[in-house]
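Trainee: Per the working numbering, the sequence shown starts with residue 1051, numbered consecutively. Ideal Cβ placement from N, Cα and C applies to all residues, glycine included. Dumping the structure here so I can ask a few things about it.
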Amino acid sequence: MASCRSFNCKARLASHQDLEYFNIEFDAMLDHAEAFNSFSLFLEMTHNEEYSCFIKCVSEYRLLRFDKGRRQMAQEIVDKFIQEFSPYQLNLNSEIKGNIFYNIHHGNIDATLFDWAESNVIMNLREYLFQLYLKSDVFTTFILSQPLQTLFQIGVLKKDNPLYYISSFGDLESKKFIKENFMFLKHLALNDCSWKMIDSCQNPTCFKSNHQFDFGTSKNSRFYKFESILPFEMKHLGQILLKYNPTKKFNLIESKELSYVPKKKEQQRYASIISQETCQFQWPLSKRDFLFTESGTYDSEDDLYIFCKKSCKYELAPKTRNERSSIIEAIILQPIDEESTKLIQLYFIDLKGMIPRSITTNYLKKQAKIVNDNCLNHLVNNLPLRSENLWLCIQENGINNRL
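What follows is the structure, given as structure tokens:
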């Protein structure tokens, strides 16, 4: 657990920040042994241990298979929790108590004997003591000693937070582009606290993410961000990106557009293009394939153009012997004024194999500079023309889309 450092790795220790990303569910906590033990400790500290003791006893009672053992334990539960002046007397109404006494007297000793009482206890716990527990140091201490996986087991991830957005990428296998993909890259790019500058002398300026991330088999890798200001109005720069392909990799040797995936509103799927590229790397790297789905949208809320790529699986992709790399890439256009635009490039790349990170970083710096120069000098750089499908994606996904 200590060796896992990635932001979205479920084996890492949970943090105070993670607590804000989840709604904890009472029923899920009851089914989680360690979480229930923590809650029981809180009840004991607040002199309400009769509730957790009763739930544990009823759970044990239901596991009994034969009448003799069940009858004996039923009487023990009544003597301990139900009878007047019993050691752990529960606050149950006379109707619930009477139902239990009646069934025991008439020999109706089945697994459901204490269901009504338990439901009443659970309702009281959920409405009051559980809420106090979630605000207590006992709960916080417990969560901070647990892997992030525990929060996923006892809680539901809230929307509109980094863990929610990043989970939309899964293992980089889905062909679908969804809103949360764009939201994650947008928030990551625009949040200055997420980055550390590593090269201010280069144009574009280079940053690396403070967090590491896991996507499928790609572990403990960072995003890289490159920023520059270009002397073009944003819409003009957007037209350049739609007409030409300034993002073409400098070491590209083959590129194939494989399929156009139309938008499906009922599946919350954005229109996208599936492509495969093959690039030639210098030693110690060999050729690498990049199989990805690409999409774009205009975000009217923040006045941004966002163009994205992410690795995917595609059954009809041509088979090769090359190593297949994993990528997430984005280009974001942010207006500065009527005559200039900030060009933001994001890269997450796993070239596979035991590759020194310095090689990956240098490759991305070179690629980002070429993209920047291509956008700046598009009229003289003889850039390849795009197919019309990226513009079709933008149209289908909504010119006035609000992320």
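#1: Could you check if S1102 is buried or exposed, using at least 16 other CB atoms within 10 Å of its CB as the buried criterion?
#2: Does G1403 come out as helix, strand or coil in the three-state DSSP assignment?
#3: Please classify M1404: is it buried, with 16 or more other beta-carbons within 10 angstroms of its beta-carbon, or exposed?
#4: Looking at C1362 and S1345, is the spacing between their C-beta atoms short of 8 Å?
#5: Would S1376 and G1266 qualify as a contact pair, given that the criterion is a beta-carbon distance under 8 Å?
#6: CA-CA distance, K1106 and S1136?
#7: What does a CB cutoff of less than 6 Å around I1444 pick up in its chain, not counting 5 residues either side in sequence?
#8: For E1100, which option in Q1139, T1370 and G1288 has the closest C-alpha, if you only look at C-alpha atoms?
#9: Leaving aside the five residues before and after R1436 along the sequence, list all residues of the same chain whose C-beta is less than 6 Å from its C-beta, in chain order.
#10: Just curious, the alpha helix (DSSP H) that T1191 is in, first and last residue?
#11: How is Y1310 classed by DSSP in three states: helix, strand or coil?
#12: Are there 16 or more other CB atoms within 10 angstroms of the CB of S1455, so buried, or fewer, so exposed?
#13: So W1166 is in the alpha helix (DSSP H); what residue range does that whole segment cover?
#14: List the whole-angstrom C-beta distance separating C1251 from Y1274, where the pair is believed to meet the contact cut-off of C-beta under 8 Å.
#15: So, using beta-carbon positions, are L1335 and Q1384 closer together than 8 Å?
#16: Among S1350, F1300 and E1316, which residue has its Cα nearest to the Cα of E1327?
#17: Confirm, please, whether the CB-CB distance from L1453 to K1236 is below 8 Å.
#18: With a Cβ-Cβ cutoff of 8 Å, do V1311 and K1419 count as a contact?
#19: Can you give me the C-alpha to C-alpha distance between D1221 and D1068, rounded to a whole angstrom?
#20: Could you pull out every residue in the same chain whose Cβ sits closer than 7 Å to the Cβ of M1051, ignoring the five residues on either side in sequence?
#21: Answer with buried or exposed for G1148, where buried requires no fewer than 16 other C-beta atoms within 10 angstroms of its C-beta.
#22: Of all the options K1369, I1386 and D1339, which has the alpha carbon lying nearest to the alpha carbon of D1352?
#23: By how many angstroms is the C-alpha of L1182 removed from the C-alpha of L1442?
#24: Would you report the Cα separation of L1240 and H1286, rounded to the nearest angstrom?
#25: Which runs of the alpha helix (DSSP H) fall wholly inside the stretch 1054-1098 and span at least 4 residues, in chain order?
#26: Taking its Cβ as the centre, do 16 or more other Cβ atoms sit within 10 Å of K1185, making it buried, or is it exposed?
#27: So what does Q1384 bridge to, in DSSP terms?
#28: Confirm, please, whether the CB-CB distance from T1410 to I1394 is below 8 Å.
#29: For my contact list, A1321 and N1447 are in at a C-beta cut-off of 8 Å; report their separation, rounded to the angstrom.
#30: For M1051, name the three-state secondary structure that DSSP assigns.
#31: Please go through the same chain and pick out, in chain order, the residues whose beta-carbon is closer than 6 Å to the beta-carbon of I1378, but skip the five residues on each side of it.
#32: DSSP on I1105, reduced to helix/strand/coil?
#33: I need the boundaries of the beta strand (DSSP E) containing Q1326, first residue and last residue.
#34: Among D1339, T1162 and Q1318, which residue has its Cα nearest to the Cα of L1302?
Mentor: Reading it off the structure:
#1: Around the C-beta of S1102, 16 or more other C-beta atoms lie within 10 Å, and the residue is accordingly described as buried.
#2: Coil, per DSSP.
#3: With fewer than 16 other Cβ atoms within 10 Å, it is exposed.
#4: Between S1345 and C1362, the C-beta gap is not smaller than 8 Å, which leaves the two residues out of contact.
#5: Contact: yes.
#6: Near 17 Å, if we compare the C-alpha coordinates of S1136 and K1106.
#7: Around I1444: G1346.
#8: Ranked by Cα distance from E1100, the options Q1139, T1370 and G1288 are led by Q1139.
#9: Answer for R1436: N1295, listed in chain order.
#10: T1191 -> alpha helix (DSSP H) spans D1187 to L1194.
#11: In the structure shown, Y1310 sits in a strand (DSSP, three-state: E or B).
#12: There is simply no residue 1455 to check, as the chain begins at 1051 and stops at 1453 in what is shown.
#13: Note, W1166: alpha helix (DSSP H), D1165 to N1174.
#14: Contact check for C1251 and Y1274: beta-carbon distance about 16 Å, past the 8 Å limit, so the pair fails to qualify.
#15: In this structure, Q1384 does not lie closer than 8 Å to L1335 by Cβ.
#16: Minimum Cα distance to E1327 is reached at F1300.
#17: The answer is yes: Cβ separation under 8 Å.
#18: No.
#19: Near 21 Å, if we compare the C-alpha coordinates of D1068 and D1221.
#20: Low local confidence applies: a pLDDT of 44 at M1051 is under 50, so the model's placement there is unreliable, and no value is given.
#21: Result: exposed.
#22: It is I1386.
#23: One Cα belongs to L1442, the other to L1182, and the distance between them is close to 53 Å.
#24: Their Cα atoms are separated by approximately 21 Å.
#25: Taking only runs of at least 4 residues, the alpha helix (DSSP H) segments lying wholly in the stretch 1054-1098 are 1066-1069, 1076-1080 and 1083-1095.
#26: K1185 is exposed by the Cβ-count criterion.
#27: Bridge partners of Q1384: K1392.
#28: No, the pair does not count as a contact, with Cβ atoms beyond the cut-off.
#29: Contact between A1321 and N1447 holds: CB atoms are separated by about 6 Å, below the 8 Å threshold.
#30: Only weak support is given to the placement of M1051: the predicted model assigns it a pLDDT of 44, under 50, and the question is left unresolved by the model.
#31: Excluding residues within five positions, the ones whose Cβ falls inside 6 Å are K1360 and F1398.
#32: I1105: helix per DSSP, three-state reduction.
#33: Segment S1322 to C1329, the beta strand (DSSP E) holding Q1326.
#34: If we check each option's Cα against that of L1302, D1339 comes out closest.
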